[in-house]
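A.B. asks: Numbering of the first sequence is given in our numbering, commencing with residue 130 and proceeding in unit increments.
Just so you know, even glycine gets a beta-carbon here, dropped at the ideal spot from N, CA and C.
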Amino acid sequence: MAVEACTKPNLMVDMDDDDEPLVFKRSSSSSKQNQSNPQLQKSSSSQKLDRQLGRLMPNGRSQNGQSSGVQKGKMVSSSKASPVKSPLRNPEASKSSAKASSLRSPEANLKPSATYRLENVNRQMKVEKPSTGPAAEPNDSDDSEDDKPLSARLSTGLSKINSNYASKGSNVSHVGQNPSIPKQEDSDDERPLSHKVQLKSNVGTSTSKSYDPDEKKPFASKSNQNGSALRDSGSKKPSTVSSKRPASEVKSAGQSSIKKHKLSDASINNKQASVKAEPKLEDDDDHVPISQRMKKPATSDKNASAIKKVTKFVSSSLNKTNKNSKKVMKKSQYSKSSKVPPGSGEGQKWTTLIHNGVIFPPPYLPHGVKILYKGKPVELTPAQEEVATMFAVMLDTEYMNKPKFKENFMSDWRKILGKNHTIQNLGDCDFTPIYEWHQREKEKKKQMTTEEKKAIKEEKLKQEEKYMWAIVNGVKEKVGNFRVEPPGLFRGRGEHPKMGKLKRRIRPSDITINIGKDAPIPVCPIPGESWKEIRHDNTVTWLAFWNDPINPKEFKYVFLAASSTLKGQSDKEKYEKSRLLKDYIEGIRAAYTKGFASKDPTKKQIAVATYLIDKLALRAGNEKDDDEADTVGCCTLKVENVEPMPPNILKFDFLGKDSIRYQNEVEVESAVFKAIQQFRSGKKAGDDLFDKLDTSKLNAHLKELMPGLTAKVFRTYNASITLDEMLSRETKGGDVAENIVVYQHANKEVAIICNHQRTVSKSHSAQMLRLNEKIEELKGVLEELTTDLVRAKKGKPPLKSADGKLKRNLNPEALEKKIAQTNAKIEKMERDKETKEDLKTVALGTSKINYLDPRITVAWCKRHEVPIEKIFNKSLLAKFTWAMDVDPSFRF
DNA sequence: GTCACGACTTGCTATCAACCAC
DNA sequence: GTGGTTGATAGCAAGTCGTGAC
130 MAVEACTKPN LMVDMDDDDE PLVFKRSSSS SKQNQSNPQL QKSSSSQKLD
180 RQLGRLMPNG RSQNGQSSGV QKGKMVSSSK ASPVKSPLRN PEASKSSAKA
230 SSLRSPEANL KPSATYRLEN VNRQMKVEKP STGPAAEPND SDDSEDDKPL
280 SARLSTGLSK INSNYASKGS NVSHVGQNPS IPKQEDSDDE RPLSHKVQLK
330 SNVGTSTSKS YDPDEKKPFA SKSNQNGSAL RDSGSKKPST VSSKRPASEV
380 KSAGQSSIKK HKLSDASINN KQASVKAEPK LEDDDDHVPI SQRMKKPATS
430 DKNASAIKKV TKFVSSSLNK TNKNSKKVMK KSQYSKSSKV PPGSGEGQKW
480 TTLIHNGVIF PPPYLPHGVK ILYKGKPVEL TPAQEEVATM FAVMLDTEYM
530 NKPKFKENFM SDWRKILGKN HTIQNLGDCD FTPIYEWHQR EKEKKKQMTT
580 EEKKAIKEEK LKQEEKYMWA IVNGVKEKVG NFRVEPPGLF RGRGEHPKMG
630 KLKRRIRPSD ITINIGKDAP IPVCPIPGES WKEIRHDNTV TWLAFWNDPI
680 NPKEFKYVFL AASSTLKGQS DKEKYEKSRL LKDYIEGIRA AYTKGFASKD
730 PTKKQIAVAT YLIDKLALRA GNEKDDDEAD TVGCCTLKVE NVEPMPPNIL
780 KFDFLGKDSI RYQNEVEVES AVFKAIQQFR SGKKAGDDLF DKLDTSKLNA
830 HLKELMPGLT AKVFRTYNAS ITLDEMLSRE TKGGDVAENI VVYQHANKEV
880 AIICNHQRTV SKSHSAQMLR LNEKIEELKG VLEELTTDLV RAKKGKPPLK
930 SADGKLKRNL NPEALEKKIA QTNAKIEKME RDKETKEDLK TVALGTSKIN
980 YLDPRITVAW CKRHEVPIEK IFNKSLLAKF TWAMDVDPSF RF
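1) Spell out a yes or no on whether the segment 706–720 and the segment 623–639 are touching, meaning 3 or more CB-CB pairs, one atom from each, closer than 8 Å.
2) What residue range is occupied by the uninterrupted alpha helix (DSSP H) comprising ARG844?
3) Please report the straight-line C-alpha distance between LYS954 and ASP1014, rounded to a whole angstrom.
4) What is the DSSP secondary structure of ALA988, reduced to helix, strand or coil?
5) My assumption, with CB atoms under 8 Å, is that LYS947 sits in contact with LEU914. Please give the rounded CB distance.
6) Quick one: is ILE563 buried, meaning 16 or more other Cβ sit within 10 Å of its Cβ, or exposed?
7) Within the chosen definition, does the segment 835–855 reach the segment 958–971 through at least 3 CB pairs nearer than 8 Å?
8) Given a cut-off of 9 Å on the beta-carbon distance, is the pair PHE783 and LYS767 in contact?
9) Where do the ends of the alpha helix (DSSP H) carrying ILE563 lie?
10) Which stretch, first to last residue, makes up the beta strand (DSSP E) that contains VAL601?
11) So if DSSP puts LYS774 in a beta bridge, which residue, or which two residues, is it bridged to?
12) Over the uninterrupted alpha helix (DSSP H) stretch that includes ASN901, give me the two end residues.
13) Using only the alpha-carbon positions, how far apart do GLY609 and VAL687 sit?
14) Per DSSP, what kind of secondary structure is TYR704 in: helix, strand or coil?
15) Tell me the rounded alpha-carbon separation between SER197 and ASN751.
16) Just verifying my parser: in three-state terms, what is the DSSP assignment at ALA673?
17) Under 6 Å Cβ to Cβ from SER403, same chain only, skipping five residues before and after it: list those, please.
18) Near ALA521, which residues of its chain fall below 6 Å by C-beta distance, leaving aside the five closest residues on each side in sequence?
19) If you check the beta carbons only, do ILE552 and TYR502 fall under 9 Å apart?
20) Does the beta-carbon of ARG844 have 16 or more other beta-carbons within 10 angstroms, so that it is buried, or is it exposed?
21) Quick one: what's got a C-beta closer than 8 Å to GLY504's C-beta in the same chain, skipping five residues either side?
22) Put LEU939 into one of helix, strand or coil per three-state DSSP.
23) Just grab the DSSP bridge partners of TYR791 for me.
24) Compare the Cα-Cα distances from PHE534 to each of SER1018, PHE619, HIS893, GLU683 and report the closest residue.
25) What does ASP823 pair with, by DSSP beta-bridge criteria?
26) Mapping the DSSP letters down to three states, classify PHE489 as helix, strand or coil.
27) Since I believe GLU606 is in contact with LEU672 (beta carbons under 8 Å), could you give me their beta-carbon distance rounded to a whole number of angstroms?
28) How is the beta strand (DSSP E) around LYS934 delimited, first residue to last?
29) Where does SER211 fall in DSSP's three states?
30) So, ASN667 versus LYS478, is the Cβ gap smaller than 9 Å?
31) Among LYS646, PHE674, ILE650, which one has its Cα closest to the Cα of ALA636?
32) Can you tell me whether CYS653 is helix, strand or coil according to DSSP?
33) Is the beta carbon of THR722 closer than 9 Å to that of LEU827?
34) Tell me which same chain residues have a C-beta within less than 6 Å of the C-beta of GLN200, skipping the five on either side of it?
35) Any idea what DSSP makes of ILE585, helix, strand or coil?
36) Starting from ILE735 and walking both ways along the alpha helix (DSSP H), at which residues does that stretch end?
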């Protein structure tokens, strides 16, 4: 329904700022514990990665955004600041820790066959210089691990899967769990397939017998039976150059210009029986069907009180804010509880919705700097100058090396210049004057005093304040992207055919507002203009949208922030669904294994595709239009993207989401190998591998196996269960710092599984160089100190320093102390160096934000007395409010 | 069954501000 | 106090998937 936009009094203008996330304040004990242990290096002789991560901590910063050293101080003050007892502190933790510590070390368990990830996900990488075909170039660079694909670096982190949960006997599922779903414990199938396959010694021979009963045994017992033949198969493979996003001239990594079209044939006739696994009986609480376990109180008294406190904490925080506001609504109306709001009607997302619309970027202010055309300054109108400036400020980006970018820019700019304008060729334009002007402006901004910067910030905040909040069902919630995107040049990724096109300015008349029926219509912030349309659709969560100027059939939405209740609820549902998969996975794997032999080509393709999605965490792979970058996912793989290498290895090479290159050599079951060979036969390089398949068919099939199952659920499932199991397996009851290292290690493994990469920072090599210099410098100091010590012991004075200065005459004890300190410094720097190098291409954040069930993290923190603030930053704490009251015994 | 939306989630990067070492 | 480094955050591109019309 659309109504005329009109202006009404604004109820939100004076709303108070209240964006404080829910943060459990820690008592000082855990902080102390942290402080008391600056030496974080793991004492075990375990993996290199462990060491690297372990060495990270003394530096004061962790890789995931936590500033450990800094936070030590913060922690103390936090504790002081809040008398609220942290619900994360669990008196049982030490018990759990002790239990965990009794587990075998990962290294000890790294059996030859336990190299699934190593072998199967060992060729994922970013690309700048992709190979021109599926065959990857061998890496002839140095031995840096970063030159290897992400997964190739997993070798050190792989170990057995311990399916005996640490919190045995207390695995109570609280929320959203279907009580009828039996919970399986100690089942191999609760592991990601990746791990499971990893445990097999002979993956290529188990086509007919997909479920070796042996698999259900704990790995330790299995490992004794398995040989060592495969142990190094992954690591022995040649590394390839790790780089990112192909240069414009390359259509490589097996990318074909032929895009998959929608299928019009072959339907899926695959009604299947439920694949849900049978419940199992185990010797702990986990064997009790959830339906029975649910009869128990969902949380212990202790936990219930924690929840109470959490709610109280949040409420008081909000009430405090509201107290000052004296606003239209009563204080309590804005109070946000940690509880998910009562479900509304079918498809209904909200009952009442009030907000202030969106804010627009300021109008363009001409600077008057002229570009040169054939060496001569050219007069431009403000509109022409604006677009020229968009281009000029990008002179130092990679886009300047992309002909498509320039071509598209010129095409759109020409429309603004007019047909008969002096400027006809981009090649004759010199944008340097504007570029230099822009650099000067940036420098000026940099040179502003703190006060000036602060004043500008405050002014901006003042202007934006009212747009930052919405009231949803009477609760004040933060709005996400309330700023309309400013005009600019489209920065498509990879080889996007539309890169460089002008993203025109969005006006109020482009924007549709969604708001409650009884809410005042937001005032249009640009005088004389009005909104395109006002809707009152409570079945959607967006507050506003406009058509994407680059792709007018697509939309840009304004949503609530990630910390909002609506988003939280949706997040929780996502994780519940992937948890549910745990109960079905065994059946699903059995079903697709059976499908490998199907005579129906569609069924066979579905089986193989599901196998790849499960095993390699591939994305589904929707069809793409010609005006999008040519990237693929599982269903859109081309023949050239998968090369079978006898006897049973598949070599993957393609550009995935965001044009990130995926390279991997995977040992697969022989039936899969043969099937892929069959799918390829008679096809050209650019033809679809799965020609009978698309994501709709695949997902329709998956839904028959489990309610709501889609391809992407496998990614969440594999990521979360990997975290859960690694945390359980590798937490040895160490101190906070050691536990954080364990977490980061697990986080990194998940990032590698999901192929989450990042660009090496521009300053990386300079930073490494500086670290090396400092290390060398310290080594020099160490040498001098050692000489001085020898002399001191003989009663001789120290020699002059390298720069000829006299040194203090120290006694041997003092010198020994200095030597120890210097050694510690050198060690710390070496660790920093290794960590920096190790993680330079791995993005840990994405998996934390999107794939790892936060309840795993929160429960683990509670069990091991790790302050949650060490793992989740402020944003994540706010985003995962809904997970904070989880029982410490929670397992994924 | 196909297709075109439409609504959301996922993912990387640029920028900024806080922090730390000197 | 300064400059380098870092993590947090904003921004927005690019995915996934559901639905309804035909």
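C.D. replies: In short:
1) No, because fewer than three Cβ pairs between the segment 706–720 and the segment 623–639 fall closer than 8 Å, the two stretches do not touch.
2) The residue labelled residue 844 in the question sits at position 715 within the first sequence. Looking at the DSSP string, the run of the alpha helix (DSSP H) that includes ARG844 is 840–859.
3) As a position in the first sequence, residue 954 is number 825, starting the count at 1. As a position in the first sequence, residue 1014 is number 885, starting the count at 1. If you take the alpha carbons of LYS954 and ASP1014, they lie about 40 Å apart.
4) The count along the first sequence starts at 1 and reaches residue 988 at position 859. In this structure, DSSP gives ALA988 a helical state, which the three-state scheme calls helix.
5) Along the first sequence, one-based indexing puts residue 947 at 818. Along the first sequence, one-based indexing puts residue 914 at 785. Yes, LYS947 and LEU914 are in contact; Cβ-Cβ is about 5 Å, under 8 Å.
6) As a first step, residue 563 must be located in the first sequence, where it is residue number 434. Result: buried.
7) With the cut-off at 8 Å, the segment 835–855 and the segment 958–971 do not touch.
8) Here residue 783 refers to the residue found at position 654 of the first sequence. Here residue 767 refers to the residue found at position 638 of the first sequence. Yes.
9) Along the first sequence, read from residue 1 onward, the residue named residue 563 stands at position 434. Note, ILE563: alpha helix (DSSP H), 561–576.
10) One-based indexing of the first sequence puts residue 601 at position 472. From DSSP, the beta strand (DSSP E) with VAL601 extends over 598–601.
11) Looking up residue 774 in the first sequence gives position 645. Here residue 774 turns out to be Met, not Lys, going by the sequence shown. According to DSSP, which records beta bridges pairwise, MET774 is partnered with ILE778.
12) Working through the first sequence from its first residue, we reach residue 901 at position 772. Start and end: 893–922.
13) One-based indexing of the first sequence puts residue 609 at position 480. One-based indexing of the first sequence puts residue 687 at position 558. Approximately 7 Å, taken between the alpha carbons.
14) Position 575 of the first sequence holds residue 704. Secondary structure at TYR704: helix, using DSSP grouped into helix, strand and coil.
15) Here residue 197 corresponds to residue number 68 of the first sequence, with the count starting at 1. Here residue 751 corresponds to residue number 622 of the first sequence, with the count starting at 1. For SER197, the predicted structure reports a pLDDT of 30, less than 50, and the residue's modelled location is therefore unreliable. The matter cannot be settled from this model.
16) Counting from 1 along the first sequence, the entry for residue 673 is found at position 544. In the structure shown, ALA673 adopts extended strand secondary structure according to DSSP, grouped into three states.
17) Residue 403 sits at position 274 when you count from the first residue of the first sequence. Note that SER403 scores a pLDDT of 45, beneath 50, so its modelled location is shaky and nothing firm can be said.
18) Counting from 1 along the first sequence, the entry for residue 521 is found at position 392. Short of 6 Å from the beta carbon of ALA521, and not among the five residues preceding or following it, lie these beta carbons of its own chain, in chain order: PHE560, ILE563, TYR564.
19) Mapped onto the first sequence, residue 552 falls at position 423. Mapped onto the first sequence, residue 502 falls at position 373. Going by C-beta atoms, ILE552 is nearer than 9 Å to TYR502.
20) The residue you call residue 844 lines up with position 715 of the first sequence. Answer is buried; the Cβ neighbour count reaches 16.
21) For the purposes of this step, residue 504 is taken as the residue at position 375 of the first sequence. Taking GLY504 as the centre and dropping the five residues before and after it, the same chain places the C-beta of ASP559 closer than 8 Å to its C-beta, in chain order.
22) Walking along the first sequence from the start, residue 939 turns up at place 810. Here LEU939 sits in coil by DSSP.
23) The residue labelled residue 791 in the question sits at position 662 within the first sequence. BP columns for TYR791 point to PHE783.
24) For the purposes of this step, residue 534 is identified with residue 405 of the first sequence, where counting begins at 1. Of the candidates SER1018, PHE619, HIS893, GLU683, the one whose C-alpha sits nearest the C-alpha of PHE534 is PHE619.
25) The residue you call residue 823 lines up with position 694 of the first sequence. Looking at the DSSP assignment, ASP823 forms no beta bridge with any residue, so it has no partner.
26) Taking the first residue of the first sequence as position 1, residue 489 is located at position 360. DSSP places PHE489 in coil when its eight states are reduced to three.
27) Counted from its first residue, the first sequence places residue 672 at position 543. Counted from its first residue, the first sequence places residue 606 at position 477. Contact doesn't hold; Cβ gap of about 10 Å is too wide.
28) As a position in the first sequence, residue 934 is number 805, starting the count at 1. For LYS934, there is no enclosing beta strand (DSSP E), as DSSP gives it neither H nor E.
29) Looking up residue 211 in the first sequence gives position 82. Per-residue confidence for SER211 stands at a pLDDT of 32, beneath the threshold of 50, marking its modelled position as unreliable; the derived number appears in the next sentence. The answer is coil: DSSP assigns SER211 none of H, G, I, E or B.
30) As a first step, residue 667 must be located in the first sequence, where it is residue number 538. As a first step, residue 478 must be located in the first sequence, where it is residue number 349. Closer than 9 Å, so yes.
31) Position 507 of the first sequence holds residue 636. Looking at the sequence shown, residue 636 is not Ala but Arg. For the options LYS646, PHE674, ILE650, the alpha carbon positioned closest to that of ARG636 is the one of PHE674.
32) For the purposes of this step, residue 653 is taken as the residue at position 524 of the first sequence. If DSSP states are grouped into helix, strand and coil, CYS653 belongs with coil.
33) For the purposes of this step, residue 827 is taken as residue 698 along the first sequence, with counting starting at 1. For the purposes of this step, residue 722 is taken as residue 593 along the first sequence, with counting starting at 1. No, they are not a contact pair.
34) Position 71 of the first sequence holds residue 200. Any reading at GLN200 must be qualified, since the residue scores a pLDDT of 29, below 50, and its modelled position is unreliable; the value itself is stated next. None.
35) Here residue 585 corresponds to residue number 456 of the first sequence, with the count starting at 1. Under the three-state reduction of DSSP output, ILE585 falls in the helix class.
36) Numbered from 1 along the first sequence, position 606 holds the residue referred to as residue 735. 730–745 is the extent of the alpha helix (DSSP H) around ILE735.
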